[in-house]
Amino acid sequence: MKAPGRIKIGWTTAAAIVIANMVGTGVFTTLGFQLVHLDQIWSILLLWVIGGVVALTGAFTYAEIATRLPKSGGEYHFLSHIFHPFLGYLSGWVSITVGFAAAIALAAMAIGSYVAEFLGQDRILVAMMSILVVALVHSFDVKQSSRFQNVLTGLKVLLVLVLIICGLFLPAAPGNALHTVVAATPGWSVLWQPAYAVSLVYVIYAFSGWNAAAYITDEIEEPHRNLPRALVGGTVLVCVLFFLLQVAFLRQAPAALLQGRVEVGLVVAQLMFGARGGEIVSFLIAGLLIAGISAMIWVGSRVTRAMAADYQMWQYFTRDNKRGVPVRAVWLQAGISVFLVTTSSFEQVLLYSGFVLQLFTILTVVGLFRLRLQHTGDEQAWHSPLFPLVPLVFLLFNSLILGFLLLDKPYESVLGLLNLAAGALSYAWEKWRYQPAAEPDAKG
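Start counting at 1 in the sequence shown, then tack on 29, and there's your number in our numbering.
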């Protein structure tokens, strides 16, 4: 039964949310970090192929899980049902404190890097204002949010296509990074180095968002049909765009100019179009990143609302306005994101959030095997192809990344574990303070 005042969205808006979540900070910022660690261009291009395969296997798997357990909340709902409410709570805690907030903060920080210099303003101030303005837009009604999201996503895809076409068909820059791939001798040992795994983390982050529509199942019309279309269709489109965009960037700039730079798109645009053209493209990319912030605030606030409905400690954030928008949850998400913007560096936020998010996506995909064994939701489920190969590929790559992060980036990994410990303490407080309140139903 549709909740009063709750407006449903079609598969195109759901796919737009997936695309907007995916085509964001990572694809315009992570190439510079990869070039710091890797000097063989073929290995960087392989990273983007692997990232696309992992994202697609994740989209297939989540589409099946979400149609077996059709309710908003993403990993919070899935893990509560499949394993135990404690795991679901920890996942929700991570989504609220790190998952969406960190992604929003990263997008906002990238906006600051791209346009603050041209505006004559401080980067942090520009980043903060980006978050607050988008949160305000999402504080009114779903119909307005839907229009805002669809328009921004359409412009986002158009901009990416323009950059790809120009990057591939304009004359290549002298000494460009892509040219070195012809002369390079493949050194396969690079694939087994910790630095390669860390670079893959950057790419996996760039592809993050493929699961976005699974967080808002309750707001999608006919989710058993439309949710898989949105997840898989959106992910396939983005995989193709991402690979072509990296080829375009590498073709239009020497590696030395891109190494360690957050604003890779600006560097390439200035080389292709001149200083003035680069400035225009920077503002367009900033608009593109605004679309990502918009999608993440929309989705993240719904996870907060789903979790708040089950735990009294969070009940303040369950309140919707008269048009069905969880306004308090929207502003909680915005507030945490602003805090991260003002206290952390771009790379720290990326690696710290990446570690804990990997952990819960791995647990969720493992859960599909249990759902299949128990035949949960068989009559309504969309079945992932090539089972169990598809989820096993996802688990293999993500488990390897998690292990390498622990070894190569212990500081960020420990921060992630401390965040989980804080979540566990808050769960214990909830059980002690509010028992005998009902435990969320682990059976759905």
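Glycine residues also receive a C-beta, built at the ideal position from the N, C-alpha and C atoms.
Keep in mind that this is a model prediction, so the values were computed, not measured.
Nearest neighbour of residue i, chosen from the options [CA to CA]
{"i": "S175", "options": "I249, A284, S442", "result": "I249"}
{"i": "N50", "options": "A457, A338, L444, A324", "result": "A324"}
{"i": "Q344", "options": "L361, K351, R352, V328", "result": "L361"}
{"i": "A285", "options": "A132, I326, Q63, F112", "result": "Q63"}
{"i": "I133", "options": "S382, I38, Y440, W71", "result": "S382"}
{"i": "F433", "options": "S218, L119, V163, A224", "result": "A224"}
{"i": "G303", "options": "G316, A315, Q281, L317", "result": "Q281"}
{"i": "P283", "options": "G306, L207, I309, L148", "result": "L207"}
{"i": "A315", "options": "W40, I160, F89", "result": "I160"}
{"i": "I70", "options": "A451, A277, A259", "result": "A277"}
{"i": "I451", "options": "V127, F198, L74, H167", "result": "Rather than Ile, the amino acid found at residue 451 in this sequence is Ala. Nearest C-alpha to A451: V127."}
{"i": "V155", "options": "L135, F423, F169", "result": "L135"}
{"i": "G103", "options": "A241, P439, P420", "result": "A241"}
{"i": "L273", "options": "K37, L74, I38", "result": "L74"}
{"i": "S72", "options": "F129, H167, Q275, R401", "result": "Q275"}
{"i": "V186", "options": "K438, L317, L369, L220", "result": "L317"}
{"i": "T390", "options": "R254, P420, G406", "result": "P420"}
{"i": "L184", "options": "A320, N350, L446", "result": "A320"}
{"i": "I474", "options": "R305, M301, D349", "result": "Since the displayed the chain opens at 30 and closes at 473, residue 474 lies outside it and no answer follows."}
{"i": "V65", "options": "G406, Y231, G262", "result": "Y231"}
{"i": "L270", "options": "L197, I245, W217", "result": "L197"}
{"i": "I245", "options": "M158, H106, G406", "result": "H106"}
Per DSSP, the bridge partner or partners of residue i
{"i": "I249", "result": "I38"}
Cβ-Cβ distance between residue i and residue j below 8 Å
{"i": "S366", "j": "V144", "result": "no"}
{"i": "V500", "j": "N448", "result": "Lying outside 30 to 473, the shown extent of the chain, residue 500 is not represented and no answer is given."}
{"i": "I94", "j": "T393", "result": "yes"}
{"i": "L76", "j": "L190", "result": "no"}
{"i": "A137", "j": "T58", "result": "no"}
{"i": "I430", "j": "Q403", "result": "no"}
{"i": "F426", "j": "I46", "result": "no"}
{"i": "T96", "j": "L256", "result": "yes"}
{"i": "T371", "j": "A84", "result": "no"}
{"i": "L98", "j": "L108", "result": "no"}
{"i": "G55", "j": "V293", "result": "no"}
{"i": "F89", "j": "S455", "result": "no"}
{"i": "G141", "j": "C268", "result": "no"}
{"i": "Y91", "j": "A235", "result": "no"}
{"i": "A44", "j": "A298", "result": "no"}
{"i": "P399", "j": "I38", "result": "Correcting the residue identity first, residue 399 is Arg in this sequence and not Pro. It is not a contact, given that the beta carbons lie outside the stated cut-off."}
{"i": "V328", "j": "F129", "result": "yes"}
{"i": "L199", "j": "L313", "result": "no"}
{"i": "Q288", "j": "Y463", "result": "no"}
{"i": "I326", "j": "V162", "result": "no"}
{"i": "D437", "j": "A226", "result": "yes"}
{"i": "A453", "j": "L119", "result": "yes"}
{"i": "R305", "j": "V296", "result": "no"}
{"i": "A363", "j": "T347", "result": "no"}
{"i": "E308", "j": "F416", "result": "no"}
{"i": "L474", "j": "A131", "result": "The displayed coordinates of the chain run from 30 to 473. Any statement about residue 474 would go beyond what the structure contains."}
Cutoff 8 Å: residue i Cβ touching any chain C Cβ
{"i": "A202", "result": "Checking the listed chains, one finds no chain C in this structure; it contains a single protein chain."}
Whole-number beta carbon distance between residue j and residue i, since they are thought to touch under 8 Å
{"i": "T42", "j": "Q178", "result": "7 Å"}
{"i": "G238", "j": "G53", "result": "7 Å"}
{"i": "I322", "j": "T182", "result": "Not really, about 12 Å apart at Cβ, beyond 8 Å."}
{"i": "L435", "j": "S428", "result": "11 Å between Cβ atoms; not a contact."}
{"i": "D247", "j": "K100", "result": "6 Å"}
{"i": "H253", "j": "Q409", "result": "5 Å"}
{"i": "L67", "j": "V219", "result": "7 Å"}
Determine, using beta-carbon pairs with one atom in the segment 329 to 336 and one in the segment 346 to 364, whether at least three such pairs fall under 8 Å.
-> yes
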